[in-house]
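Going by this note's numbering, the sequence shown opens with residue 1, and the numbers climb by one from there. Idealized CB from N, CA, C, for every residue including glycine.
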Amino acid sequence: MRTAKGYGAANARAKFVISVINLGHHWGAFLVNTETKICYLFDPMQLSSNLSTLKEAVLTVVEKMLDMTDQLDYQVIAHCQQKDSTSCGIREL
1 MRTAKGYGAA
11 NARAKFVISV
21 INLGHHWGAF
31 LVNTETKICY
41 LFDPMQLSSN
51 LSTLKEAVLT
61 VVEKMLDMTD
71 QLDYQVIAHC
81 QQKDSTSCGI
91 REL
């Protein structure tokens with residue numbers, strides 16, 4: 001959380017907060033639009049367990065950092081599905 005704040009993620013003027021998260025041997029991402037209060041979750045494998053882990057990370061760390069506890073609406077980006085077992089990292093970039 002200190003690192004994210006250091007890069008300005010908690011700045012009140014920041015419209016978007018985006019991050020890539022390592023889920024063990026896989027990568028997922030989220031984007032928070034602070035104006036619309038929508039958090040977009042993306043898992044290239046489209047696994048509900050990975051999406052739950054991403055959401056939990058946002059709920060426990062990011063919402064508090066942005067002072068938006070219980071204010072975000074979560075939406076899943078459900079396209080660009082990964083077809084192999086190695087391209088998740090590049091899809092997140």
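Classification of residue i by the beta-carbon crowding that lies within 10 angstroms, buried from 16 upward
{"i": "residue 24", "result": "exposed"}
{"i": "residue 80", "result": "exposed"}
{"i": "residue 78", "result": "exposed"}
{"i": "residue 43", "result": "buried"}
{"i": "residue 60", "result": "exposed"}
{"i": "residue 34", "result": "buried"}
Extent of the continuous beta strand (DSSP E) run through residue i
{"i": "residue 14", "result": "It is not in any beta strand (DSSP E) - residue 14 carries neither H nor E in the DSSP assignment."}
{"i": "residue 73", "result": "73 to 76"}
{"i": "residue 39", "result": "38 to 42"}
Rounded C-alpha distance that separates residue i from residue j
{"i": "residue 108", "j": "residue 31", "result": "This structure leaves residue 108 out entirely; the chain is present only between 1 and 93."}
{"i": "residue 50", "j": "residue 28", "result": "7 Å"}
{"i": "residue 74", "j": "residue 64", "result": "15 Å"}
For residue i, three-class secondary structure by DSSP
{"i": "residue 54", "result": "helix"}
{"i": "residue 66", "result": "coil"}
{"i": "residue 59", "result": "helix"}
Closer than 7 Å to chain B by CB, residue i
{"i": "residue 30", "result": "Considering every chain present, this structure includes no chain B. It has just one protein chain."}
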